[in-house]
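Following: one structure in structure tokens, then a few remarks.
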Amino acid sequence: MSLLKQVPSWYSANISVNLLDKLKAVRLWLLASEHRNFSQLKLCHRIYLPSATNLTHYLALQLLSIEELNENLSSVGLLCLKSSCSCILPSINFGIQQLENFIESDTNVEDVDRSDCSISMMRKRVSSHAIKLFGPAHEERNFSIMVTVGRESISNETLISNLLKAGANVFRINCAHDDPNVWSEIVRKVKANSQMLEKPCRILMDLAGPKPRTELLMRETNVFMAPKIDTKGDMIPSAHFWICSMECSSPPPPHFSPGAVICVDRKLIDGLKEGDFVSILDGIDKKSSLRVVLKRSLGADDYGFMVECSRATCIGVGSKLYFKRGNKKHSLGQVVKLLKIEKFVILKVGDSLTISRFCCTSVDEPNCAMFDSNLVRISCTSDQLFDGVNPGELIAFDDGRIWGKIRKKKANEITVLITHASPTGSKLGSGKSINTPRSEVKLRGVTPRDLVDLEFIASHADMVGISFIRDVEDIQSVRRALDEKGAKPEIGIVLKIETKEAYERLPILLFEALKYSNPVGIMIARGDLMIECGWEQMAEVQEGIMSVCAAAHVPVVWATQVLETLVKSGRPTRAEITDAATGMRLSCVMLNKGDHIAEAVCALNSMLSNRSSEKKIAMTNPLIPPSRL
Numbered sequence: 001m002s003l004l005k006q007v008p009s010w011y012s013a014n015i016s017v018n019l020l021d022k023l024k025a026v027r028l029w030l031l032a033s034e035h036r037n038f039s040q041l042k043l044c045h046r047i048y049l050p051s052a053t054n055l056t057h058y059l060a061l062q063l064l065s066i067e068e069l070n071e072n073l074s075s076v077g078l079l080c081l082k083s084s085c086s087c088i089l090p091s092i093n094f095g096i097q098q099l100e101n102f103i104e105s106d107t108n109v110e111d112v113d114r115s116d117c118s119i120s121m122m123r124k125r126v127s128s129h130a131i132k133l134f135g136p137a138h139e140e141r142n143f144s145i146m147v148t149v150g151r152e153s154i155s156n157e158t159l160i161s162n163l164l165k166a167g168a169n170v171f172r173i174n175c176a177h178d179d180p181n182v183w184s185e186i187v188r189k190v191k192a193n194s195q196m197l198e199k200p201c202r203i204l205m206d207l208a209g210p211k212p213r214t215e216l217l218m219r220e221t222n223v224f225m226a227p228k229i230d231t232k233g234d235m236i237p238s239a240h241f242w243i244c245s246m247e248c249s250s251p252p253p254p255h256f257s258p259g260a261v262i263c264v265d266r267k268l269i270d271g272l273k274e275g276d277f278v279s280i281l282d283g284i285d286k287k288s289s290l291r292v293v294l295k296r297s298l299g300a301d302d303y304g305f306m307v308e309c310s311r312a313t314c315i316g317v318g319s320k321l322y323f324k325r326g327n328k329k330h331s332l333g334q335v336v337k338l339l340k341i342e343k344f345v346i347l348k349v350g351d352s353l354t355i356s357r358f359c360c361t362s363v364d365e366p367n368c369a370m371f372d373s374n375l376v377r378i379s380c381t382s383d384q385l386f387d388g389v390n391p392g393e394l395i396a397f398d399d400g401r402i403w404g405k406i407r408k409k410k411a412n413e414i415t416v417l418i419t420h421a422s423p424t425g426s427k428l429g430s431g432k433s434i435n436t437p438r439s440e441v442k443l444r445g446v447t448p449r450d451l452v453d454l455e456f457i458a459s460h461a462d463m464v465g466i467s468f469i470r471d472v473e474d475i476q477s478v479r480r481a482l483d484e485k486g487a488k489p490e491i492g493i494v495l496k497i498e499t500k501e502a503y504e505r506l507p508i509l510l511f512e513a514l515k516y517s518n519p520v521g522i523m524i525a526r527g528d529l530m531i532e533c534g535w536e537q538m539a540e541v542q543e544g545i546m547s548v549c550a551a552a553h554v555p556v557v558w559a560t561q562v563l564e565t566l567v568k569s570g571r572p573t574r575a576e577i578t579d580a581a582t583g584m585r586l587s588c589v590m591l592n593k594g595d596h597i598a599e600a601v602c603a604l605n606s607m608l609s610n611r612s613s614e615k616k617i618a619m620t621n622p623l624i625p626p627s628r629l
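The UniProt record's numbering numbers the first residue of the sequence shown as 1 and each following residue consecutively.
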């Protein structure tokens, strides 16, 4: 007997015939979309071809006006078309069979079972792709928990093991912070604890990307540096300096946070290597030893060195420098210029903020913020910012904590009126984000620094996150670099959707990613995405991303400020619980760093385990009667 016999008697066969004709027309439209996109589909890897085809059907369905059809389908007990993202054509075929059986009163059980099988196989693809990317989840749940870790995990002996015990199975390292030495130690600790506890896990490393960031102006001065006490009262063993040539136009990488920049003649640093010791006769006639801990390429011919000092040191212009390798001592000359980096500036509503190109910054004047509370001057790591903004446009700093409006623009300078900040003033330090949601800033994709970092990622990570992705060229650049650096073929690629351009081009980005056999995932980076798209559109944007990814059978990471209050203070808000529950519809939920991160992972793991038997993505229910769900 047909499953549609439960339909009320006052529905005539004519209505079913009308619905049947419309569903068949929709099916023809979807099959025609396959033909139109054949050249694109044939480029997709064979393991992703069914997923790419379903994505094609989904996009074709979005071009139709089917609201009335959806209402009629619902009225006879069939779910609407837009509720079957992960299995569109099989669901339509199933609906057609049900309507035909109702009209002809002759059920073909074999056809129904075949459609059921197709729907089931399509829906399982998201789960299988998630396992391929994130690894198998814990037995008691079907979701992955990702945690961001940084330098703090090295000094905290039990943090990694506690996170693994609490339920974390993916660890994320942000390459915008720290350096390869720190990353290497984090990876070592994660793998050691994973093996010891017999809890498998994966490592994701995010590229820093082309995101514009703040750089506070530096002023020429004598510098006194000494080891400091951290917030927990522990001694930080070394003070750090950045040594570069006078000709170097690039700032130190923002995540290095040196206390000062030492400029010398270029020919004097050509022979420096990691591990060398630089001796300096300081301003009080004492000899100090600086160890070279890292050499960093800054693109083109620019490069610099991070050095550390274990005792109090006073350095000034004219201080003598030597370096020692083995038993041989080499003259390095003297300090030509010394720049002290300000730690932060304070901004209030009504302040005027001037942003200068780094290479055009005047270092002969003190930072204006020290003398005039209404005039603050900083610099920026991206030249593209100065070419893409215009007066009247909005600009945000530090993930939207500070907002302003651009008042003036010159070739090397932008003047901003601060329109939103804390009533007592907001601190703005180096390395903080700059967003221009209404401007056409043409940021380059994968940066020279990203290409350098990919060498480390290729040999240490299970997944690479492409930050601020904007076009298919970014995916192609990362793929080429991974191949050149000998990355394992199963390394995953996670596309971070952080900009309006990436959101609008998501289908094109997915088709490009599906050309390769690598596991593919999407991260909804809601912090930058909300600034770029506006909070009014955020709900619609994230639902749109989830729908497209469900159609492509691509696992999604729910990221940014998940259980943030719980992570930082130990107690969650009601809204955070609801937000985390939304993330449970997806394949992975990401938590950021905080003092109570292990407690947050434990709480999230408990929530996920309680819902492990429920459907993960409500919108992917197939086009079948409720009695068969």
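The beta-carbon is built from N, C-alpha and C at its ideal position, and this holds for glycine as well. This one's a predicted model, so the numbers in the text were calculated from it and none came from an experiment.
{"query": "Alpha-carbon to alpha-carbon, Val149 and Ser155", "result": "12 Å"}
{"query": "Span of the alpha helix (DSSP H), counted from its first residue to its last, around Asp474", "result": "472-484"}
{"query": "Rounded distance between the beta-carbons of Asp453 and Ile491, thought under 8 Å", "result": "14 Å between Cβ atoms; not a contact."}
{"query": "Residues that DSSP places opposite Leu604 in a beta bridge", "result": "None; Leu604 has no bridge partner."}
{"query": "Closest residue to Ala312 among Asp276, Val223, Gly400 (Cα-Cα distance)", "result": "Val223"}
{"query": "Assigned exposure category for Pro136 - 16 Cβ within 10 Å defines buried", "result": "exposed"}
{"query": "Option nearest Val376 by Cα separation, candidates Arg401, Val446, Ile346, Arg444", "result": "Ile346"}
{"query": "Nearest-angstrom Cα separation, counted from Lys273 out to Leu281", "result": "20 Å"}
{"query": "For Tyr48, the three-state DSSP class (helix, strand or coil)", "result": "helix"}
{"query": "Check whether Asn193 and Leu164 have beta carbons under 8 Å apart", "result": "yes"}
{"query": "Neighbourhood of Glu393 by C-beta distance below 6 Å, restricted to the same chain and skipping five residues each side", "result": "Ile406, Arg438, Ser439"}
{"query": "Extent of the continuous alpha helix (DSSP H) to which Lys568 belongs", "result": "564-569"}
{"query": "At least 3 beta-carbon pairs within less than 8 Å: the region 176-188 vs the region 398-413", "result": "no"}
{"query": "Three-state class that DSSP yields for Gln537 in the structure shown", "result": "helix"}
{"query": "Integer-rounded CB distance, given that Thr53 should sit under 8 Å from Leu41", "result": "6 Å"}
{"query": "Unbroken stretches of the beta strand (DSSP E), 3 residues or longer, contained in the region 420-461", "result": "426-429"}
{"query": "Contact check, Lys337 vs Cys263, beta carbons under 8 Å", "result": "yes"}
{"query": "Limits of the alpha helix (DSSP H) - the one that Ile508 falls within", "result": "506-513"}
{"query": "Distance between Glu599 and Val349 (C-alpha atoms, nearest Å)", "result": "37 Å"}
{"query": "CB of Val464 within 8 Å of CB of Leu510, strictly", "result": "no"}
{"query": "Sheet register partners of Cys380 (DSSP bridge)", "result": "Thr214, Arg357"}
{"query": "Whole-number beta carbon distance between Val278 and Leu321, since they are thought to touch under 8 Å", "result": "6 Å"}
{"query": "Residues near Ala580 in its chain [Cβ-Cβ closer than 7 Å; skip 5 each side]", "result": "Val562, Leu563, Val589, Leu604, Met607"}
{"query": "CB of Phe344 within 8 Å of CB of Lys427, strictly", "result": "yes"}
{"query": "At least 3 beta-carbon pairs within less than 8 Å: the region 42-51 vs the region 498-515", "result": "yes"}
{"query": "8 Å contact criterion, which Asn412 and Ser356 should meet: CB distance rounded", "result": "6 Å"}
{"query": "Buried or exposed by the 16-neighbour rule on C-beta atoms within 10 Å, applied to Thr158", "result": "exposed"}
{"query": "For Ile378 and Ala369, the rounded distance between their alpha carbons", "result": "The predicted position of Ala369 is uncertain, since its pLDDT is 37 and thus under 50; a value taken from the coordinates is nonetheless stated next. Going from the Cα of Ala369 to the Cα of Ile378 covers about 9 Å."}
{"query": "Proximity to Ile475 [Cα-Cα], best of Phe456, Ile497, Ser459", "result": "Ile497"}
{"query": "Asn174 - partner residues in DSSP beta bridges", "result": "Asp206"}
{"query": "Residue of Ala208, Lys409, Val317, Ala421 minimising C-alpha distance to Leu385", "result": "Lys409"}
{"query": "Closest residue to Val601 among Ser91, Leu197, Ser144, Leu133 (Cα-Cα distance)", "result": "Ser144"}
{"query": "Rounded separation between Ile186 and Leu197 - CA only", "result": "16 Å"}
{"query": "Reduced DSSP secondary structure (H/G/I, E/B, other) of Glu413", "result": "strand"}
{"query": "Those residues which DSSP pairs with Val182 across a bridge", "result": "In DSSP, Val182 forms no bridge with anything."}
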